[in-house]
Amino acid sequence: MGICGGNKINHKNRFTYDGGYDGTTMTTSIVLFGPPGAGKGTQASKISEMTGKPQISTGDMLRIAVSEASDLGAKAQSYMESGILVPDELIIELISNRLKQEDAINGVLFDGFPRTLNQAIALSSIVDISSVISIEVPDEEIIKRIVGRRMDPITKEIYHISFKPAPDEIQGRLIQRKDDNVETVMNRLKTYHQQTSPLSSWYDDQNLLIPIDGNKSIEEVATDISKFLSN
Ligand code: AMP
């Protein structure tokens, strides 16, 4: 049985909204891959704007679940706070449900998913992936970026205490993610190297991996990604 409980989502052969059959359309999704703090979220909004594909961030969805104290949130919270991965079954169910929404019909942009081989295999059975954009940043840079990261809870804009300071008038309302402390970041990086980074060679073997140097400014990284996407 497919991971969607038998209702396999086939992005290759979809019925159009007016009931016709669009056998010619090949809709594909993009995966944004990389360590925590590589700038995936920042670049995802830009790519989403360029491609029109909605951004699906499992991290954001889980944080909403935790803030709403839903069943999923209760199950995920302790994993997230320790910097380890939430079990695959929960994540795959979350993604499967999200992909049933209408805006996913023309493919989506995955941000922070898949993170394990099981997730990647499950994903390959429900959508077509056109490319895996891998943003590469060294660990020491990641630690600096994450520990100084702050968010404006109203606009959701991400700032950094040294690299991108927020305007004085909003300084007082900035928040730091609970898992953005040194200890949890070290765990998140360890988890990334053990469970997630091996996926890059898995995708490379399928000729889907697009390595992007993420150790540059936000604008430079965005330009490199857009050059690739416009080809
Ligand atoms: P992120 O915002 O993407 O860094 O995710 C924050 C935390 O949510 C991670 O440290 C994990 O605990 C959890 N998480 C997010 N996405 C996934 C995923 N695809 N698989 C397992 N856990 C995830």
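Our numbering numbers the first residue of the sequence shown as -14 and each following residue consecutively.
Beta carbons: idealized from backbone N, C-alpha and C, even for Gly.
These figures come from a predicted structure and were not determined experimentally.
Using 8 Å for Cβ pairs, my map puts residue i next to residue j. What's the rounded Cβ distance?
i	j	result
Q28	V206	6 Å
R24	G199	This sequence places Gly at residue 24; Arg is not what is there. Indeed they touch by this definition, with Cβ atoms about 6 Å apart.
D96	G26	6 Å
Is the separation between the beta-carbon of residue i and that of residue j shorter than 7 Å?
i	j	result
L79	M46	yes
F98	T181	no
D137	I111	no
V117	S14	no
Under a Cβ-count criterion, where at least 16 other Cβ atoms within 10 Å of its own Cβ denotes burial, should residue i be classed as buried or exposed?
i	result
M65	buried
D209	buried
A61	buried
A105	buried
P183	exposed
V16	buried
Could you check if residue i belongs to the surroundings of the ligand AMP, using beta carbon to heavy atom distance under 6 Å?
i	result
L47	yes
M35	no
R265	For the chain, the structure presents residues -14 to 216; residue 265 sits outside this window and is missing.
T43	yes
V71	yes
R173	yes
P183	no
R135	no
G97	yes
R130	no
R158	no
Please confirm if residue i has its CB atom under 7 Å from at least one CB of chain D.
i	result
P99	Going by chain labels, chain D is absent from the structure shown, which holds only one protein chain.
Looking at the strands, I want to know which residues DSSP matches up with residue i.
i	result
M35	None; M35 has no bridge partner.
Q40	L94
H145	R134, K149
L194	V117
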